[in-house]
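Quick note on numbering that gives the first Met the number 0: the sequence shown kicks off at 0 and runs consecutively.
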Amino acid sequence: MATTAELFEEPFVADEYIERLAWRTPGGGSRGGEAFDPKRLLEEFVNHIQELQVMDERIQRKVEKLEQQCQKEAKEFAKKVQELQKSNQVAFQHFQELDEHISYVATKVCHLGDQLEGVNTPRQRAVEAQKLMKYFNEFLDGELKSDVFTNSEKIKEAADIIQKLHLIAQELPFDRFSEVKSKIASKYHDLECQLIQEFTSAQRRGEISRMREVAAVLLHFKGYSHCVDVYIKQCQEGTFLRNDVFEDAAILCQRVNKQVGEVFSNPETVLAKLIQNIFEVKLQSYVKDQLEEHRKSDAEQYLKNLYDLYTRTTNLSSKLMEFNLGTDKQTFLSKLIKSIFIPYLENYIEVEIGYLKSRSAMILQRYYDSKNHQKRSIGTGGIQDLKERIRQRTNLPLGPSIDTHGETFLSQEVVVNLLQETKQAFERCHRLSDPSDLPKNAFRIFSMLVEFLCTEHIDYALETGLAGIPSSDSKNANLYFLDVVHQANTIFHLFDKQFNDHLMPLISSSPKLSECLQKKKDIIEQMEVKLDMGIDRTLNCMIGQMKHILAAEQKKTDFKPEDENNVLIQYTNACVKVCAYVRKQVEKIRNSMDGKNVDTVLMELGVRFHRLIYEHLQQYSYSCMGGMLAICDVAEYRKCAKDFKIALVLQLFDTLHALCNLLVVAPDNLKQVCSGEQLANLDKNILHSFVQLRVDYRSARLARHFS
């Protein structure tokens, strides 16, 4: 049976159980090479089944025995629970009776207490009144004999008595009791001074408990506020010794905040009075000394100090917000800050604008002086306006051209300095302006930036650059206006970044937003007109330079050589120089502009370049070999046009190349070429004009084929 029990394992699985049994039986498996013996295994199974049956019977008897025992114990437990319930009911009844009895006795005791109190309270009042009358008689007699007045250790009891006598004396008629009232008042004052002196001494010794006792006594005296003043004064002794008055003030308030609650019954009032004293005495004096020194002599330092002091004061106020200062501590601290800075904040924006104006003018003048340049005035009025309108409509240079010697009169250093000054002005404006005046003040600062950066610097440079652009028929002209465009474009990005980063947050929720956006739009449009005008005139100059190159380098014999069989060049010298010039200008345009502006300007230059070459080719007559050379030139021009990376320009030169084929094609093939893909949509007059350039055009055969 022990062996059978060993075969049971948790959790029990019947299949595994049979396997273990077969494995333990000799001949029951293939263990160790033994042969399988089914009879022996069957015999083992039969014996094992009998063992299991015996085991089952034994366990069943044990279960029945345990069930009987459990039923017996359950009956005994139920009986015991019933007995306990009965005992609990009896105890609960006794408890209710006891509770009723206690309530009855308590009612009697309370009633008796009320009766005793009703008797004792008048008695105590009578005793107290009798004592006060006794002390009052001593003042009437003029001699204080009681120990409470002569013993310095009983100053607390004396203070309580004299305070009550002082209140009584206030009700007495002056004509009959003037002398005694005077004596009581004198004693009242003496005790008050003694208590304040005792408080002062305790504070110096650091005896918090004694300070608390004396402060509690003085609470009912008129001199209680003087006690608070003494406490505040002594707290500050030896505190403000460093240069950082704001940090000293924060440390002092932190220390007092921990102590004041242990001394006074109204700690928030005392702490608020300390803070008020610090602001109105220490900080106000410090701020005045720092600002008045530079107020009239150095506007830059004055504004820096004002911003720094105001920022540090508001930071100190934020730290003090952690303390309990009463109900509306935000308003309380704001009023304290306002009381210090109101004389300086009232006219802050005027000082800011005045400084910004003078500083910006100085930055510009210093730059022009470094260039040895006398800034010429850009006139305004009727004649100048008329010139401007004529120039915008006709794009003609009015007045003599000015040689700028390659100087753009734009400086990123100047721009950065102006933007930095304006950025600091915006930061000061944000901090120092009243919220209702902030958008208006920010707009005034922005107007200063527009005046000096956009009008006095950029616009002046554009006007000077326009005046420096040579006429289109000038030879070997140096074109610097694209450098002006490049620098102006960079400056516009910096200007726009400051507008978005520093001005927008100040005006985003005010009506000034639309005004600023409109002002920015107007100034940019005004400058774009001048940029467009300058670029257009610069492109004209480029075309003029190409004309000069072609006129100087292109010879009539290039396209009608004397010896048709002895042409050794691939393309003409004029073509080489023009292509070199064009590639240089294309690169310059790409370096001077960005975005879609590059494609727009290159497209315009490419179209004008094509028109120039088209008109130039129509000035010559072409032999067969000359026509081939013209085709080679146009192929080189087309290769140059690929650098533009503009589809329209390349298409124009492809068409021009196809037109040049008309100069060399056999007469019999003219109609076929003209009806080709690139020439089919062209006007017949254009095709005819190119055919007329052939030296053999007059032949009857050619005229007949083209008719």
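We treat Cβ as the ideally placed atom computed from N, Cα and C, and that holds for glycine.
- Per DSSP, the continuous alpha helix (DSSP H) segment holding CYS631 begins and ends at 623-641.
- LEU355 counts as buried, since no fewer than 16 other beta carbons sit within 10 angstroms of its beta carbon.
- When secondary structure is reduced to three states using DSSP, ARG693 falls in the strand class.
- Just so you know, the alpha carbons of ALA550 and LEU530 end up roughly 30 Å apart.
- Comparing C-alpha distances from ASP598 to each of GLU75, VAL585, GLN364 shows the shortest one belongs to VAL585.
- In the three-state DSSP reduction, TYR367 falls in the helix class (H, G or I).
- With contacts defined as CB atoms closer than 8 Å, GLU267 and LEU324 qualify as a contacting pair.
- By the neighbour-count definition (other C-beta atoms within 10 Å, threshold 16), CYS192 is an exposed residue.
- About 16 Å separates the beta carbons of LEU448 and LEU409, which is beyond the 8 Å limit, so they are not a contact pair.
- In the pairwise beta carbon analysis, the stretch 475-484 is classified as not touching the stretch 570-583: fewer than three pairs are separated by under 8 Å.
- Of the candidates GLN196, ARG311, GLU63, the residue whose Cα lies closest to the Cα of VAL244 is ARG311.
- In this structure the stretch 653-663 does not lie against the stretch 586-595, because fewer than three pairs of beta carbons, one per stretch, are closer than 8 Å.
- Pairing TYR613 with LEU649 gives a Cβ-Cβ distance that is not under 8 Å.
- The Cβ-Cβ distance between MET526 and ILE457 falls below 8 Å.
- Counting only runs of 4+ residues, the alpha helix (DSSP H) found wholly inside the stretch 198-252 occupies 207-217, 223-234, in chain order.
- Proximity to ASP653 across PRO666, TYR636, ASP667, LEU669 peaks at TYR636, based on C-alpha coordinates.
- In this structure, the alpha-carbon of LYS221 lies about 30 Å from that of SER333.
- Going by DSSP, ILE506 is part of the alpha helix (DSSP H) stretching over 503-506.
- Excluding its 5 nearest sequence neighbours in each direction, LEU502 has C-beta neighbours in its own chain below 7 Å: PHE425, ALA441, PHE445, CYS515, listed in chain order.
- For GLN544, the closest of PHE239, ALA573, GLU524 by C-alpha to C-alpha distance is ALA573.
- In this structure, ALA214 places its C-beta atom within 8 Å of the C-beta atom of PHE263.
- Within the stretch 549-621, complete alpha helix (DSSP H) segments of at least 4 residues are found at 572-591, 595-616, given in chain order.
- Note that the C-beta distance between ALA298 and GLY353 is below 8 Å.
- Beta-carbon to beta-carbon, LEU251 and THR238 are separated by about 5 Å, close enough to satisfy the 8 Å threshold.
- About 12 Å separates the beta carbons of VAL227 and THR199, which is beyond the 8 Å limit, so they are not a contact pair.
- Taking all protein chains shown into account, LYS38 has fewer than 16 neighbouring C-beta atoms within 10 Å of its C-beta and is therefore exposed.
- Taking the Cα positions, CYS109 is about 27 Å away from PHE91.
- Short of 7 Å from the beta carbon of TYR621, and not among the five residues preceding or following it, lie these beta carbons of its own chain, in chain order: PHE558, LYS559, ALA629, LEU662, LEU692, ARG693, VAL694.
- Taking the Cα positions, SER508 is about 40 Å away from ASN256.
- Inclusion of SER316 and ILE336 in the CB contact set at 8 Å is warranted, their separation being smaller than that value.
- Ranked by Cα distance from SER435, the options PHE451, PRO510, LYS374, ASP14 are led by PRO510.
- Take VAL259, set aside five residues on each side of it, and the residues of its chain with a beta-carbon closer than 6 Å to its own are PRO266, VAL269, LEU270, in chain order.
- Contact check for TYR309 and LEU431: beta-carbon distance about 6 Å, within the 8 Å limit, so the pair qualifies.
- Contact annotation: GLY675 and ILE645 have beta-carbon atoms that are not nearer than 8 Å.
- Here GLY353 carries a helix assignment [DSSP, helix/strand/coil].
- In this structure, the beta-carbon distance from ARG294 to TYR301 falls below 8 Å.
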